[in-house]
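Enquirer: Could you have a look at this structure, given as structure tokens, before my questions?
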Amino acid sequence: MFGPVWTVLYVIIGVAAWLVWREHGRPGRRRALTLYVVQLVLNSLWTPLFFNGYTHWGTTGLILAALDILLLLACALGTFAAFRPVQRLAAWLLVPYLLWIAYATTLNLYMVFTN
Numbered sequence: 000m001f002g003p004v005w006t007v008l009y010v011i012i013g014v015a016a017w018l019v020w021r022e023h024g025r026p027g028r029r030r031a032l033t034l035y036v037v038q039l040v041l042n043s044l045w046t047p048l049f050f051n052g053y054t055h056w057g058t059t060g061l062i063l064a065a066l067d068i069l070l071l072l073a074c075a076l077g078t079f080a081a082f083r084p085v086q087r088l089a090a091w092l093l094v095p096y097l098l099w100i101a102y103a104t105t106l107n108l109y110m111v112f113t114n
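Using numbering that gives the first Met the number 0, the first residue of the sequence shown is number 0, and each one after it goes up by one.
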């Protein structure tokens, strides 16, 4: 379930970033795209931490994944807030992504507290 959902979400957030990128000269554009890149980096770190971290580091791996996804959620919310004044549609395209990250955060925290 995770793979197909992430694939669709990556396409959607890519379109959102493209919409912001096209807004040359708009105040906040650079900050919005910087936050977008930071959340992509945090996102790319979460998958190996969550799915392989427990195998290598036990509960510490799950805790590291939880810290990462909490930062990711905060950064993705910041990206939404930064996209909104630059390109409103781009911000709203991030909503499914934000909801999925919130779901993954809940799952990750559940794993931390039950292990």
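From the three backbone atoms N, C-alpha and C, an ideal C-beta is built for every residue, glycine too. Bear in mind that the values here come from a model prediction, so they are computed numbers and not experimental data.
Among ALA16, PRO47, GLY2, GLY52, whose alpha-carbon lies nearest the alpha-carbon of ARG30?
Expert: On the sequence shown, residue 30 is found 31 positions in, with the first residue counted as 1. Looking at the Cα atoms, ALA16 is the closest of the given residues.
Enquirer: Determine the direct distance from the alpha carbon of ARG25 to that of ASP67, and round the result to whole angstroms.
Expert: For the purposes of this step, residue 67 is taken as the residue at position 68 of the sequence shown. For the purposes of this step, residue 25 is taken as the residue at position 26 of the sequence shown. So the two alpha carbons sit approximately 30 Å from each other.
Enquirer: Please confirm if the segment 90-104 is in contact with the segment 4-15, defined as three or more CB-CB distances below 8 Å between the two stretches.
Expert: Judged by Cβ distances under 8 Å, the segment 90-104 makes contact with the segment 4-15, as three or more pairs qualify.
Enquirer: Do the segment 72-88 and the segment 43-62 make contact, defined as three or more Cβ pairs closer than 8 Å?
Expert: Segments in contact, no.
Enquirer: Output the distance between the C-alpha atoms of TYR102 and LEU72, rounded to the nearest integer angstrom.
Expert: Looking up residue 102 in the sequence shown gives position 103. Looking up residue 72 in the sequence shown gives position 73. Rounded to the nearest angstrom, the two C-alpha atoms are 10 Å apart.
Enquirer: Would you tell me roughly how many angstroms separate the C-alpha atoms of GLY27 and ARG87, rounded to the nearest one?
Expert: Here residue 27 is taken as the residue at index 28 of the sequence shown, counted from 1. Here residue 87 is taken as the residue at index 88 of the sequence shown, counted from 1. Roughly 13 Å separates the two Cα atoms.
Enquirer: Could I get the ranges of all uninterrupted beta strand (DSSP E) runs contained in the segment 5-51, with 3 residues as the minimum, in chain order?
Expert: Fully enclosed beta strand (DSSP E) runs of 3 or longer: not present.
Enquirer: Within 10 angstroms of its Cβ, does ASN107 collect 16 or more other Cβ (buried), or is it exposed?
Expert: Residue 107 sits at position 108 when you count from the first residue of the sequence shown. Classification of ASN107: buried, given that the 10 Å Cβ count is 16 or more.
Enquirer: Would you mind giving the Cβ-Cβ distance between THR78 and TYR35, rounded to the nearest angstrom? I have them listed as a contact below 8 Å.
Expert: The sequence position of residue 78 within the sequence shown is 79, counting from 1. The sequence position of residue 35 within the sequence shown is 36, counting from 1. Indeed, because the Cβ distance is near 5 Å, the residues count as touching under 8 Å.
Enquirer: Hey, would you say LEU70 sits closer than 8 Å to LEU97, going by beta carbons?
Expert: Locating residue 70 in the sequence shown gives position 71, counting from the first residue. Locating residue 97 in the sequence shown gives position 98, counting from the first residue. Cβ atoms of LEU70 and LEU97: not closer than 8 Å.
Enquirer: Closest by CA to LEU120, which one among GLY60, MET110, ILE11?
Expert: The chain is shown only over 0 to 114; residue 120 falls outside these bounds and no answer can be derived.
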